[in-house]
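Everything in the sequence shown is counted per our numbering, starting at 156 for the first residue and increasing by one. We put the CB at the ideal spot given by N, CA and C, even for glycine. Remarks on the structure that follows.
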Amino acid sequence: RYEAYGWQVLTVADGNTDVDAIRKAIKEAKACKNKPTLIKVKTIIGYGSPNKADSHDAHGAPLGKDEAQLTRDQLGWKYGEFEVPQSVYDVFRAHAAEGAKKQVAWNALWSEYQQKQPELAKQFQRIAVDKKLPEGWVDALPKCTPDDKGKATRLWSQDCLNALANVMPELVGGSADLAPSNMTLMKCTGDFLKESYEGRNFRFGIREFGMGAVCNAISLHKTGLVPYCATFTIFSDYMRNAIRLSALAQAGTIFVTTHDSIAVGEDGPTHQPIETIPSLRMIPDLTVMRPADCNETSGAYKFAVENSKLRSMPTFMALTRQALPNLPNSSIENTEKGAYAVIDCESPELILIGTGSEVSLCWDAAKAMSGKKVRVVSMPCWELFRAQPASYKDALLPKGVPKLSVEAAVTMGWGEWADAFVGINVFGASAPGGTCMDKFGFNVPNVVAFAGEGMKGGKG
Numbered sequence: 156r157y158e159a160y161g162w163q164v165l166t167v168a169d170g171n172t173d174v175d176a177i178r179k180a181i182k183e184a185k186a187c188k189n190k191p192t193l194i195k196v197k198t199i200i201g202y203g204s205p206n207k208a209d210s211h212d213a214h215g216a217p218l219g220k221d222e223a224q225l226t227r228d229q230l231g232w233k234y235g236e237f238e239v240p241q242s243v244y245d246v247f248r249a250h251a252a253e254g255a256k257k258q259v260a261w262n263a264l265w266s267e268y269q270q271k272q273p274e275l276a277k278q279f280q281r282i283a284v285d286k287k288l289p290e291g292w293v294d295a296l297p298k299c300t301p302d303d304k305g306k307a308t309r310l311w312s313q314d315c316l317n318a319l320a321n322v323m324p325e326l327v328g329g330s331a332d333l334a335p336s337n338m339t340l341m342k343c344t345g346d347f348l349k350e351s352y353e354g355r356n357f358r359f360g361i362r363e364f365g366m367g368a369v370c371n372a373i374s375l376h377k378t379g380l381v382p383y384c385a386t387f388t389i390f391s392d393y394m395r396n397a398i399r400l401s402a403l404a405q406a407g408t409i410f411v412t413t414h415d416s417i418a419v420g421e422d423g424p425t426h427q428p429i430e431t432i433p434s435l436r437m438i439p440d441l442t443v444m445r446p447a448d449c450n451e452t453s454g455a456y457k458f459a460v461e462n463s464k465l466r467s468m469p470t471f472m473a474l475t476r477q478a479l480p481n482l483p484n485s486s487i488e489n490t491e492k493g494a495y496a497v498i499d500c501e502s503p504e505l506i507l508i509g510t511g512s513e514v515s516l517c518w519d520a521a522k523a524m525s526g527k528k529v530r531v532v533s534m535p536c537w538e539l540f541r542a543q544p545a546s547y548k549d550a551l552l553p554k555g556v557p558k559l560s561v562e563a564a565v566t567m568g569w570g571e572w573a574d575a576f577v578g579i580n581v582f583g584a585s586a587p588g589g590t591c592m593d594k595f596g597f598n599v600p601n602v603v604a605f606a607g608e609g610m611k612g613g614k615g
């Protein structure tokens, strides 16, 4: 299979004893500069163990003290546990001396480069050595007022990516063959291709897991690059393990996903994420952002870029296909709090909490509840809100005030913030996106009705 991919494939027939063959294969792999290499090393599991070699007993448990000693005896290993022979120290010290020579050569090369290419050298210093972000980069992100025409957050994401691409040469990434739908193509640069490495758009193809793994590797290489990858929110299931490992391994990948709810429409239940976003919120150290308008999308990107570049941690974005209005009081700064009041009032009788496309629905429902004191809270990120001081959280969501969450997803987890929930705990349907939202209860009359029940003490 890897030969069909165009890789160099090498085989070591005896990985048990033929150390020279292993060294030779590694040397050949390093010498191959135009394609990746896979080395197949054939071994016997537990080699050297008289009683457990070539069996499952050598896989999932220690050999045991007696068998370990028998293995040492059979292999002719004269040293005890944790005893390192002097010859090993000698080899590693020789490597250290060789490394010192390479460092001297590198310093000379770097000095020469700084003289010949001062501007590029400054860029390299900032990106790869100091690992800092460019001055004023946040100013490039779009900002809007409620008077500005709204559009889908995937389109605001496109604006954010292209604004950042112009001021951040370290931004690299692409989509799993969905760039025209994800809106993730950087217009100021070309494609990254074989023998043409100046482009920054990656054409990953329909291989979500491989895409996520590549972006994780780019971050973990620690060169200062900021990698992003994109697909539909539902297809994040295909790269779930790469997303989980990005959090576990502390890789600063930015996962950009679009078509984040049943508002996807006619593609139907196979393409409509229901449990996806709530389940991703369960992954430790993964920050999940579901912005509601232009300013929140810009805030999500500000956080995601800093999270990648400065902290080497992943961020997952869920963006809409459908257009959304720009909200009052939204801002980059408020987005970074994780939650904030879009409509505020003193001593509210009810608090509506929305995320993403449902914040504007909460806003409309609050306006329809004339005579009631309703606070509307946008919560683009649970993780960021959870990290806020208790005083801020208690002031925004005071105890004793009924709270109703509204999100086009399963209601699992919302009990942390709300008493009652408008959500969707079944699969969606194939219909126009607006019809799906309406038929599953994401409309003003239904939210108002449940809000009324909540004000009477209704739960769940």
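Where the beta strand (DSSP E) containing residue i begins and where it ends
i	result
Pro-469	Where Pro-469 is concerned, there is no enclosing beta strand (DSSP E), given that its DSSP letter is neither H nor E.
Val-174	Careful: Val-174 lies outside any beta strand (DSSP E), inside the alpha helix (DSSP H) at 174 to 186.
Lys-256	Taken as a continuous stretch (DSSP letters only), Lys-256 belongs to no beta strand (DSSP E), being part of the alpha helix (DSSP H) at 241 to 271.
Ser-533	529 to 533
Thr-425	Thr-425 -> no beta strand (DSSP E), and no H or E assigned at all.
Ile-438	Where Ile-438 is concerned, there is no enclosing beta strand (DSSP E), given that its DSSP letter is neither H nor E.
Leu-165	163 to 167
Gly-235	Counting along the chain, Gly-235 falls outside any beta strand (DSSP E), and DSSP gives it neither H nor E.
8 angstroms Cβ cutoff met for residue i and residue j
i	j	result
Ser-416	Ala-521	no
Val-577	Pro-503	no
Lys-298	Asn-450	yes
Gln-543	Ser-512	no
Leu-333	Leu-326	no
Met-534	Ile-506	no
Phe-605	Ala-575	yes
Ala-404	Asn-356	no
Phe-471	Ile-398	yes
Thr-413	Phe-387	yes
Pro-469	Ala-368	no
Val-531	Ala-584	no
Ile-308	Thr-452	The sequence as given places Thr at residue 308; Ile does not occur at that position. Cβ atoms of Thr-308 and Thr-452: closer than 8 angstroms.
Asn-321	Ala-295	yes
Gly-170	Lys-197	yes
Leu-482	Ser-515	yes
Cys-536	Met-444	yes
Lys-195	Val-164	yes
According to DSSP, residues forming a beta bridge with residue i
i	result
Ala-575	Leu-559
Cys-384	Gly-329, Phe-410
Met-444	Met-472
Ile-498	Val-531
Val-419	Looking at the DSSP assignment, Val-419 forms no beta bridge with any residue, so it has no partner.
Ile-506	Arg-530, Lys-558
Lys-100	Absent from the structure is residue 100, since the part of the chain shown begins at 156 and ends at 615.
Thr-192	Gln-163
Unbroken alpha helix (DSSP H) run spanning residue i, endpoints
i	result
Met-567	Unbroken run through Met-567: none, as it is neither H nor E.
Tyr-160	157 to 160
Tyr-547	545 to 551
Ile-200	No alpha helix (DSSP H) contains Ile-200, which DSSP labels as neither H nor E.
Cys-517	513 to 523
Leu-218	It is not in any alpha helix (DSSP H) - Leu-218 carries neither H nor E in the DSSP assignment.
Arg-281	No alpha helix (DSSP H) holds Arg-281; DSSP gives it neither H nor E.
Thr-490	487 to 490
Thr-590	588 to 594
Pro-600	599 to 610
Integer-rounded CB distance, given that residue j should sit under 8 angstroms from residue i
i	j	result
Gly-454	Glu-421	Actually they are not in contact, since the Cβ atoms of Gly-454 and Glu-421 sit about 31 angstroms apart, beyond 8 angstroms.
Thr-431	Ile-389	6 angstroms
Ser-312	Val-411	6 angstroms
Leu-218	Pro-205	About 10 angstroms; that fails the 8 angstroms criterion.
* At what residue ranges does the stretch 312 to 366 contain a whole run of the alpha helix (DSSP H), taking only runs of 4 or more? -> For the stretch 312 to 366, whole alpha helix (DSSP H) runs of length 4 or above, ordered along the chain, are 334 to 337.
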